[in-house]
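*Asks:* Using the working numbering, you'd call the opening residue of the sequence shown number 5 and step up by one each time.
We treat Cβ as the ideally placed atom computed from N, Cα and C, and that holds for glycine.
Computed from a predicted model, the values in this text were never measured in an experiment.
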Amino acid sequence: MLTRVPASMISGFFVVSTRTEMAKLPAGSVAYLTERYHPDLPGREGIFVWREGDFTAFVAADPYQGVCVAHETIPASIGAFIRDHDKGRCHAEWWGVRSVYDTEVDYLLQDDSARLNSAMAYIESPVEWESVHFMFERGGELLLPRGFTYATAEIHIPAGVYIEGNGTQSSGIVTSCSNDVVHNIFIGRKDQVASFSCGLRNLCVKDVQGRADVARDVDVVYTEAAQHTGGVDNVLIYSGGRTCFRANAGYGGATYLTVKNLETANFGASQLPEGTQANPQVVLNYSSAMIYAENMVTQGSSEAEYAGGSTAKGCVVGSGYVTFRNYHVEQVATGIEVNVKTAYGHVRVEGATGGTNVGAVISCQSDAFATAAIQLENIRKNDANYTYRDFRAGKTSYTTDIVAFTTP
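#1: Among the residues of its own chain, which have a CB less than 7 Å from the CB of G32, if the five just before and after it don't count?
#2: Consult DSSP for F62 and reduce its assignment to one of helix, strand or coil.
#3: What's the C-alpha gap between I378 and D223?
#4: Quick check on S81: buried or exposed, where buried means 16 or more other Cβ atoms within 10 Å of its Cβ?
#5: Measuring alpha carbon to alpha carbon, tell me which of A74, G245, S201, G70 ends up nearest D58.
#6: Between the C-alpha atoms of S180 and A96, what's the straight-line distance to the nearest angstrom?
#7: Quick check: what's the CA-CA separation for S175 versus G50?
#8: Can you tell me which of the three DSSP states L45 falls into?
#9: Using a Cβ-Cβ cut-off of 6 Å (strictly less than) and excluding sequence neighbours within five positions of V185, which residues of its own chain qualify?
#10: Need the endpoints of the alpha helix (DSSP H) that R246 sits in, please.
#11: Going by DSSP in three states, L148 sits in which element: helix, strand or coil?
#12: Who are the Cβ neighbours of Y68 in its own chain at under 6 Å, not counting the five residues just before and after it?
#13: Excluding the 5 residues flanking V301 on each side, which residues of the same chain have their C-beta closer than 7 Å to its C-beta?
#14: Could you tell me the distance, in whole angstroms, from the CA atom of F85 to the CA atom of A27?
#15: Which word fits A337, buried or exposed, when buried means at least 16 other C-beta atoms lie within 10 angstroms of its C-beta?
#16: Shortest alpha-carbon distance to L380 belongs to which of G363, Q369, V353, L207?
#17: What residue range is occupied by the uninterrupted alpha helix (DSSP H) comprising L120?
#18: If you count every other CB in all the chains shown that lies within 10 Å of the CB of Q173, and 16 or more means buried, which is it?
#19: Which residue marks the beginning of the beta strand (DSSP E) containing T227, and which one marks its end?
#20: Looking at the structure shown, is R23 part of a helix, part of a strand, or coil, going by DSSP?
#21: May I have the straight-line CA-CA distance separating T24 from A297, to the nearest angstrom?
#22: State buried or exposed for G313, treating a residue as buried only when at least 16 other CB atoms are found within 10 Å of its CB.
#23: According to DSSP, simplified to helix, strand and coil, what is G312?
#24: What is the rounded straight-line gap between the Cα of G234 and the Cα of R384?
#25: Determine the extent of the beta strand (DSSP E) in which G349 is found, giving its start and end residues.
#26: Taking only three categories from DSSP, how would you classify E39?
#27: Using only the alpha-carbon positions, how far apart do F395 and G164 sit?
#28: Expressed to the nearest angstrom, what Euclidean distance is found between the alpha-carbon atoms of L204 and S21?
#29: Using beta-carbon positions only, say whether G318 and I295 come within less than 8 Å of one another.
#30: Can you tell which of I78, V362, T391, L207 has its C-alpha closest to the C-alpha of Y166?
#31: Anyone know if the C-beta pair for N265 and N289 falls short of 8 Å?
#32: Give the secondary structure of E447 by DSSP, where H, G and I count as helix, E and B as strand, and everything else as coil.
#33: Report the rounded CA-to-CA distance for C94 versus C72, giving the unit in angstroms.
#34: Straight-line CA distance for R150 to Y390?
#35: Could you give the residue range of the beta strand (DSSP E) that holds Y68?
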């Protein structure tokens, strides 16, 4: 464990315990920062090197001083202390982001929404001043510490940036946004027509504010512009009623979106009277195109009366071209509902299973889908009711087991 050492010269390094002490060091110094908010948890520590040059924009873009520390008296236009690090991988703790291991405590944490957004804005900006090629000037990964980070405001993940944890059982974000916040985590900035290669990896997102009686268009994780390999990978989303993940129409729609190893659990059903249900857990909405979803698990509330008129849904698919591989549903009335709003599209499901308390693994709702195509292979259920239900006009296709099936 590092202990506080007064600013002193040790083997060519100044050792300082705060950024304030660092800001007083002579130009040209190299400093090791030992600052932590808890002795046993990682914090802001690291090596900072004095760099000559105009760092005015960098200092302004980094108000929490995760990477750039301005000198107390020397203008940033002359130089600044810059963290020595891999430009593409940054730790959230550098910006003062904190975490706990027990999400049931009364959140003894600061709200880290602003710190997370500030860190990602800095990662998105050109952090390597010697770069000469635009494609590699910006972007990277923001690595979360073990435990849960607390956020009460909307988090924006800009182009080229991924938030990455240590695994769904090791780290994540607890969102406690008010019901006025429509999207807890927004993948892709709203002012960007195309937000390429951005999303979430290897973490859990737990919503503790969302209720089952709020408006239907509120989401824990949302994207409308995560194009070209953007999306989620190895993510677990818990919700108390909000839609867990929604890919929506927008600036051209969520195009070339990848959803891999996504598990969602929406327990808001237990808060609702019989015949009603919380939002669908996953929505791949209208005008979204080229979506690839692999290894998904949807789990509803064990108290959901799916056979009593409930409309519990795992995934609602709009128009476009969507491929599912390996999808499993539990405790929902419908696993995948194909409910397009425009008369085009192609939905392919290669391998899906329904566990306990599932009304239908697949259902087709919209007459407009008559001119589109659906392909089903290896779709099976473990208990009674239907594997596939077709509710389009004139259709009476109710099957209990599907090996290979194509329509219309």
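*Replies:* On the basis of the data shown:
#1: W54
#2: helix
#3: 27 Å
#4: exposed
#5: A74
#6: 19 Å
#7: 22 Å
#8: coil
#9: E158
#10: No alpha helix (DSSP H) holds R246; DSSP gives it neither H nor E.
#11: coil
#12: W99, G100, R119, S122
#13: E267, H332
#14: 8 Å
#15: buried
#16: V353
#17: 117-128
#18: exposed
#19: 223-227
#20: helix
#21: 48 Å
#22: Any answer about G313 is weak, because its pLDDT of 42 lies below 50 and its placement is not dependable; what the coordinates show is given next. Burial call: exposed.
#23: Confidence at G312 is low in this model, with a pLDDT of 39, below 50, so its placement is unreliable and the value that follows should be read with caution. G312 falls in the coil class under three-state DSSP.
#24: 30 Å
#25: 349-358
#26: coil
#27: 41 Å
#28: 33 Å
#29: no
#30: L207
#31: no
#32: As displayed, the chain neither begins before 5 nor continues past 412, which places residue 447 out of reach and without an answer.
#33: 13 Å
#34: 42 Å
#35: Neither: Y68 is in no beta strand (DSSP E) and is coded neither H nor E.
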